[in-house]
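Chemist: For the sequence shown, the working numbering begins at 25 and goes up steadily by one.
A virtual CB, placed ideally from N, CA and C, is assigned to each residue, including glycine.
Quick caveat, the model's predicted, so the values are computed rather than measured.
A single structure is presented below for examination.
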Amino acid sequence: MKFKAAGIVVVFAAAAVASSIAAHAAEPVILAGQIAFRLADPGPFPTVSDRVRAVDARICDAISYENVGEPHMKVALHNGRWSVYIGNTYLVSVYPLDVKHYSGLSPKRIAALWASRLKRLFPLSEPLTKM
Numbered sequence: 025m026k027f028k029a030a031g032i033v034v035v036f037a038a039a040a041v042a043s044s045i046a047a048h049a050a051e052p053v054i055l056a057g058q059i060a061f062r063l064a065d066p067g068p069f070p071t072v073s074d075r076v077r078a079v080d081a082r083i084c085d086a087i088s089y090e091n092v093g094e095p096h097m098k099v100a101l102h103n104g105r106w107s108v109y110i111g112n113t114y115l116v117s118v119y120p121l122d123v124k125h126y127s128g129l130s131p132k133r134i135a136a137l138w139a140s141r142l143k144r145l146f147p148l149s150e151p152l153t154k155m
């Protein structure tokens with residue numbers, strides 16, 4: 025009986041760990057069919073998926089309003105967090121679980137990495153009418 029109970033405890037513990045990992049899994053932000061970066065922290069949103077959707081919406085706005093053929097990316101503080109902009113359009117900020125996902129790189133370094141990847145990918149997403 026003790027062995028059966030121990031087995032059940034192990035199964036529940038494994039399920040709890042899997043649930044915890046899933047709750048903090050990083051989700052990709054896609055641009056031009058490629059992973060630009062991954063987000064691991066929900067930030068001000070209920071879930072990471074909600075945050076990814078919000079970033080995706082900002083990227084779509086940027087494609088409509090900014091020069092994505094020759095993107096001017098910048099990294100700056102936004103509400104006390106290192107963030108990425110294209111031109112004057114705010115795209116995304118770095119949150120604590122993002123830092124953890126990127127193996128403890130500094131928030132500023134992560135924002136610079138994201139900006140670099142976006143700078144490479146934005147021209148590939150340029151609408152055909154502008155090409």
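Would you decide whether Phe36 is buried or exposed? Buried here means 16 or more other CB atoms lie within 10 Å of its CB.
Modeler: For this step, residue 36 is matched to residue 12 along the sequence shown. Unreliable placement is indicated for Phe36, whose pLDDT of 41 sits below 50; the coordinate value is still reported in the next sentence. Label assigned to Phe36: exposed.
Chemist: Report yes if the CB atom of Pro75 is closer than 8 Å to the CB atom of Leu63, and no otherwise.
Modeler: Locating residue 75 in the sequence shown gives position 51, where the first residue counts as 1. Locating residue 63 in the sequence shown gives position 39, where the first residue counts as 1. For the sequence presented, residue 75 should be read as Arg rather than Pro. Closer than 8 Å, so yes.
Chemist: What residue range is occupied by the uninterrupted beta strand (DSSP E) comprising Ala60?
Modeler: As a working mapping, residue 60 is identified with position 36 in the sequence shown. Note, Ala60: beta strand (DSSP E), Gln58 to Leu63.
Chemist: Going along the chain, which unbroken runs of the beta strand (DSSP E) with 3 or more residues stay wholly within the region 76-153?
Modeler: With a minimum length of 3 residues, the continuous beta strand (DSSP E) runs that stay inside the region 76-153 are 97-102, 105-110 and 113-117.
Chemist: Contact defined as beta carbons within less than 8 Å: I believe Leu101 pairs with Val79. What is the distance between those atoms, to the nearest angstrom?
Modeler: As a working note, residue 101 is residue 77 in the sequence shown. As a working note, residue 79 is residue 55 in the sequence shown. That belief does not hold up - the Cβ atoms of Leu101 and Val79 are roughly 18 Å apart, past 8 Å.
Chemist: Is Leu55 closer than 8 Å to Ser140 when the C-beta atoms are compared?
Modeler: Along the sequence shown, read from residue 1 onward, the residue named residue 140 stands at position 116. Along the sequence shown, read from residue 1 onward, the residue named residue 55 stands at position 31. The answer is no: Cβ separation not under 8 Å.
Chemist: Could you give the distance in angstroms between the alpha-carbon of Phe146 and the alpha-carbon of Val118?
Modeler: In the sequence shown, residue 146 corresponds to position 122, counting from 1. In the sequence shown, residue 118 corresponds to position 94, counting from 1. Straight-line Cα distance between these residues: approximately 20 Å.
Chemist: For Ser107, count neighbouring C-beta atoms within 10 Å of its own C-beta (all shown protein chains included) and say buried if the count is 16 or more, exposed if not.
Modeler: The sequence position of residue 107 within the sequence shown is 83, counting from 1. Ser107 should be labelled buried.
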